[in-house]
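Trainee:
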Amino acid sequence: MPLDTGQVDTGQVDIGQVDIGPLDTGPADLDLEEGNGVLNRDPLQSHASIGEALRAVRQDRGLTLDELAERTRVRRSYLEALEAMRLDALPSRPFTIGYIRAYALALGLDPEAAVERFKADEPVLDEPLRAPIGVPDERDPRVAAFIAGAVVIVVAIVLWNVAQRAMNASAPPPPKASEAQAWKLLAETRSGPVTLGPPLPAPVESTIPPLYETPGLAEAGPDGKGNDSAPANINDLSDAPLLDLTTLPATFTPKGKVYDSGNPQLGSLVTLQALNNAALIIRGTSGSVYFARQLAAGEAYKVPQLPGLTIDVSEPSDFQVFVAGQSKGVLPARQVLASKLAG
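By full-length UniProt numbering, the letter at position 99 of the sequence shown is numbered 99, and the numbering carries on one by one without gaps.
What follows is the structure, given as structure tokens:
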């Protein structure tokens, strides 16, 4: 008798459509939606680099680089370089990690996962430190020149010392007296009486030399002419040389250039006019010179009214004195006070 197993309704098992993306060995988050078994992967691991992953998420959410730069406060150029993974256009590694963290936060992603992906893509290599880009070489060329000059001087000194030692070594030694000659000279020096001279006078404590006396000055006398009488007072008008006053003009008449003190406020009563070529010097009370000139015949000088002026001339008979324009003869002496002439 045949076995009746009955009808078995097996039905159809619908497992839906399974969407399997590209094969990737990275971790994946499984998210099975209702009605189908769709496999959603981590967006940070779904591209070749972290830069491409961030760019894909940004484009998927319809954001521009300008909007993202405003959110993250990061330059747009840095965001472009980060998406293209042009690390040479970015600052140092710590800044780059900070930009990635800010980028992920702005897109609502896990910042730590983004940083880990970057570190996995770009591990730290044990490379030597590189010199900073854009730093100018501030080496002073004068330092090198100074060092070279110092080296040349030192080498020259060393060579000069070596040459001097070589010359001294090659020079013949000085001649030496024989031992017999030395003993003979020593015996001659020791023998014979020693002569002593008279004692020398004690040294003079004062080193002042004796006063110098001009030869013939004592015989010349006080007046310098062999007379015993003293010279007359230079300010005494009574000793004026006797001249024929009739040959001199009675009033002052300019016959050449007339000099004065240059100060119109200083009046003048006394005028000296040169009869011949002669020297005239006007001195003050302290010895200061107010006027000094070699006057030609006919030239004159108006003496200012200042107290204590002394008139010094080479020859008194070469100057005619005018007081208030009237002739008073010639100068009485080589040196005379101007106030005596005006009085």
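C-beta atoms are modelled at their ideal positions from N, C-alpha and C, and glycine is treated no differently.
Every value quoted in this text rests on a predicted model; they were computed, and no experiment measured them.
Can you confirm whether the segment 76 to 83 touches the segment 92 to 99 when touching is taken to mean that 3 or more C-beta pairs between the two stretches lie within less than 8 Å?
Mentor: The segment 92 to 99 vs the segment 76 to 83: in contact.
Trainee: Can you give me the Cβ contacts of residue 78 inside the same chain, cut-off strictly under 7 Å, excluding the 5 residues immediately before and after it?
Mentor: 90 and 99
Trainee: Between which two residues does the alpha helix (DSSP H) containing residue 214 stretch?
Mentor: No alpha helix (DSSP H) contains residue 214, which DSSP labels as neither H nor E.
Trainee: Output needed for residue 294: all residues of its chain with C-beta closer than 6 Å, excluding positions within five of it in sequence on either side, in chain order.
Mentor: 279
Trainee: Which value, in whole angstroms, describes the spacing of the CA atoms of residue 247 and residue 319?
Mentor: Approximately 14 Å, taken between the alpha carbons.
Trainee: Kindly identify the DSSP beta-bridge partner or partners of residue 86.
Mentor: In the DSSP output, where bridge partners are listed per residue, residue 86 has none listed.
Trainee: Run through the segment 259 to 287 for me and flag every whole beta strand (DSSP E) of 3 or more residues, listed as ranges in chain order.
Mentor: 270 to 274 and 278 to 283
Trainee: If you count every other CB in all the chains shown that lies within 10 Å of the CB of residue 67, and 16 or more means buried, which is it?
Mentor: exposed
Trainee: Of the choices 265, 170 and 107, whose alpha-carbon is the least far from that of residue 64?
Mentor: 107
Trainee: If we call anything under 7 Å between Cβ atoms a contact, is residue 301 one with residue 259?
Mentor: yes
Trainee: Here's the rule I'm using: 16 or more other beta-carbon atoms within 10 Å means buried, otherwise exposed. How should residue 184 be labelled?
Mentor: Its Cβ having fewer than 16 others within 10 Å, residue 184 is exposed.
Trainee: Rounded to a whole number of angstroms, what is the C-alpha to C-alpha distance between residue 165 and residue 157?
Mentor: Distance from the CA atom of residue 165 to the CA atom of residue 157, rounded to whole angstroms, is 12 Å.
Trainee: Compute the Euclidean distance between the alpha carbons of residue 250 and residue 327, then round it to the nearest angstrom.
Mentor: Taking the straight line joining both Cα atoms gives about 5 Å.
Trainee: Rounded to whole angstroms, what's the CA-CA distance from residue 275 to residue 263? Just pull it up for me.
Mentor: 26 Å
Trainee: What are the residues that DSSP puts in a beta bridge with residue 337?
Mentor: Note: residue 337 sits in a beta bridge opposite 310.
Trainee: DSSP on residue 146, reduced to helix/strand/coil?
Mentor: helix
Trainee: Starting from the C-beta of residue 57, find all residues in its chain whose C-beta is less than 6 Å away, skip the five residues before and the five after it, and write them out in chain order.
Mentor: 43 and 107
Trainee: Count the other CB atoms, across all protein chains shown, that sit within 10 Å of the CB of residue 330; report buried if there are 16 or more and exposed otherwise.
Mentor: buried
Trainee: Quick one: grab the DSSP three-state call for residue 202.
Mentor: coil
Trainee: Check each candidate in 115, 286 and 110 and name the one with the smallest Cα separation from residue 95.
Mentor: 115
Trainee: Extract the residue ranges of the alpha helix (DSSP H) inside the segment 59 to 104, only unbroken runs of 4 or more that lie entirely within it.
Mentor: 65 to 72 and 76 to 83
Trainee: Look at the Cβ atom of residue 298, then the Cβ atom of residue 255, and state whether they are nearer than 7 Å.
Mentor: Yes, they are a contact pair.
Trainee: Identify, in the order they occur along the chain, each residue of the same chain with its Cβ nearer than 6 Å to the Cβ of residue 281, setting aside the five sequence neighbours on each side.
Mentor: 292 and 312
Trainee: Roughly how many whole angstroms lie between the Cα atoms of residue 314 and residue 325?
Mentor: 23 Å
Trainee: Considering only the alpha carbon of each residue, which of 45, 338 and 49 lies closest to residue 269?
Mentor: 338
Trainee: When you compare only the Cα positions, how much space is there between residue 277 and residue 334?
Mentor: Their Cα atoms are separated by approximately 15 Å.
Trainee: Return the chain-ordered list of same chain residues with a C-beta closer than 7 Å to the C-beta of residue 342, the five sequence neighbours on each side being excluded.
Mentor: 269, 270 and 323
Trainee: Could you have a look at residue 291 and say whether DSSP puts it in helix, strand or coil?
Mentor: strand
Trainee: According to DSSP, is residue 342 helix, strand or coil?
Mentor: Helix at residue 342.
Trainee: Rounded to whole angstroms, how far is the Cβ of residue 261 from the Cβ of residue 304, which I believe are closer than 8 Å?
Mentor: 4 Å
Trainee: One question on the structure: do residue 120 and residue 111 come within less than 7 Å of each other, judged by their Cβ atoms?
Mentor: no
Trainee: So, is residue 51 buried or exposed, given that buried needs 16 or more other C-beta atoms within 10 angstroms?
Mentor: The C-beta of residue 51 has 16 or more other C-beta atoms within 10 Å across all chains shown, which makes the residue buried.
Trainee: Would you call residue 211 buried or exposed, if buried means 16 or more other Cβ atoms sit within 10 Å of its Cβ?
Mentor: exposed
Trainee: Just reading off the alpha helix (DSSP H) that residue 377 is part of, what are its end residues?
Mentor: In this structure the chain extends from 1 to 343, so residue 377 is not present and cannot be described.
Trainee: Let me confirm a value: residue 332 is counted as buried when at least 16 other C-beta atoms fall within 10 Å, else exposed. Which label applies?
Mentor: buried
Trainee: Buried or exposed for residue 336, please, with buried defined as at least 16 other CB atoms from any protein chain shown within 10 angstroms of its CB.
Mentor: buried
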